[in-house]
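Please read the structure below before turning to the comments.
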Amino acid sequence: MRLKVLPIFLPILIISLVSMDIMAKTEYDSIKIRIKQKMYEITIPKGYHLNSYSSIEEQEYVFSYPDSSCIYIGDFFYNRNESNIKLLGDSIYNLRYQNIPLVKETNAIIGKEIIPLRPDTLELMGVQNNQLIWKDIVMDNVNVGYYNVPILKVGIFNRALFSVKKISCD
Numbered sequence: 009m010r011l012k013v014l015p016i017f018l019p020i021l022i023i024s025l026v027s028m029d030i031m032a033k034t035e036y037d038s039i040k041i042r043i044k045q046k047m048y049e050i051t052i053p054k055g056y057h058l059n060s061y062s063s064i065e066e067q068e069y070v071f072s073y074p075d076s077s078c079i080y081i082g083d084f085f086y087n088r089n090e091s092n093i094k095l096l097g098d099s100i101y102n103l104r105y106q107n108i109p110l111v112k113e114t115n116a117i118i119g120k121e122i123i124p125l126r127p128d129t130l131e132l133m134g135v136q137n138n139q140l141i142w143k144d145i146v147m148d149n150v151n152v153g154y155y156n157v158p159i160l161k162v163g164i165f166n167r168a169l170f171s172v173k174k175i176s177c178d
């Protein structure tokens with residue numbers, strides 16, 4: 009029994025140790041950004057190139073790295089992981105991109121909650137076709153996530169996503 013367990017856990021242990029070593033050596037920047045009259049702070053790995061995208065009502069910041077990995081934060085309804093989320097199936101996709109005001113109105117007209125509302129925070133994660141990792145978190149109406157992340161850097165990018173905090177409202 010011991011010999012069968014060792015081949016399974018040894019690669020996981022090695023990946024974990026290498027990942028922790030990479031995290032310990034990574035330097036971070038703390039960035040403040042504005043999304044719809046609210047200020048947010050996110051702490052991300054250094055070495056990024058920042059692109060900002062906006063429309064009349066939406067804003068998104070994309071932090072791109074030389075290895076093609078990216079972190080995004082914004083309020084675009086459809087974000088950069090939309091195609092990855094679609095692969096999780098229609099029910100997950102429909103929940104993630106739910107029109108909350110319309111669902112509330114529909115449930116009110118019917119008189120009971122027929123359609124469940126998306127929770128305030130929804131976290132999705134998966135493996136892309138190229139074997140790199142993606143993650144998407146929607147908090148209220150702000151999206152934060154990453155894509156094209158090698159498995160050894162997932163800890164670094166998770167740290168960035170979980171560092172997001174609202175620091176002020178105007």
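Here our numbering runs 8 ahead of the position in the sequence shown, where the first position is 1.
All C-beta atoms, glycine included, are put in the ideal place defined by N, C-alpha and C.
Near the ligand SAH: residue i beta-carbon under 7 Å from a heavy atom
i, result
"Glu35", "Looking for the ligand SAH in the displayed structure turns up nothing, as the structure carries no ligands at all."
Proximity below 8 Å, CB of residue i to CB of residue j
i, j, result
"His57", "Ser38", "no"
"Gly134", "Leu110", "no"
"Asp83", "Gln67", "yes"
"Arg126", "Leu103", "yes"
"Asn100", "Ile108", "Checking the sequence, you will find Ile at residue 100 rather than Asn. No."
"Lys46", "Lys174", "yes"
Euclidean distance between Cα positions of residue i and residue j
i, j, result
"Asp148", "Phe170", "15 Å"
"Ile52", "Thr34", "10 Å"
"Ile122", "Leu130", "20 Å"
"Ile145", "Tyr48", "15 Å"
"Ala116", "Asp128", "19 Å"
"Glu90", "Gly119", "32 Å"
"Tyr61", "Pro124", "31 Å"
"Asn137", "Asn166", "20 Å"
"Asn59", "Tyr86", "17 Å"
"Ile41", "Val150", "12 Å"
Where the beta strand (DSSP E) through residue i begins and ends
i, result
"Leu130", "Thr129 to Val135"
"Phe71", "Gln67 to Ser72"
"Asn59", "His57 to Ser62"
Min CB distance residue i to chain D below 8 Å
i, result
"Gly97", "In the structure shown, chain D cannot be found, because there is only a single protein chain."
Burial state of residue i, where buried means 16 or more other Cβ atoms lie within 10 Å
i, result
"Leu11", "The pLDDT assigned to Leu11 is 49, lower than 50, so where the model puts this residue is not dependable; a value taken from the coordinates is nonetheless given after this. Leu11 should be labelled exposed."
"Tyr69", "buried"
"Ile50", "buried"
"Val13", "Only weak support is given to the placement of Val13: the predicted model assigns it a pLDDT of 49, under 50, and the value that follows is read from those uncertain coordinates. Val13 should be labelled exposed."
"Ile164", "buried"
"Ile43", "buried"
"Ile81", "buried"
Where the alpha helix (DSSP H) through residue i begins and ends
i, result
"Asn151", "No alpha helix (DSSP H) contains Asn151, which is instead part of the beta strand (DSSP E) from Val150 to Val157."
Contact between the stretch 147–154 and the stretch 66–86 (3+ Cβ pairs under 8 Å)
Yes: the two stretches touch, three or more of their Cβ pairs being nearer than 8 Å.
Is the stretch 156–165 close to the stretch 134–146, with three or more CB pairs under 8 Å?
They touch, by the three-pair rule.
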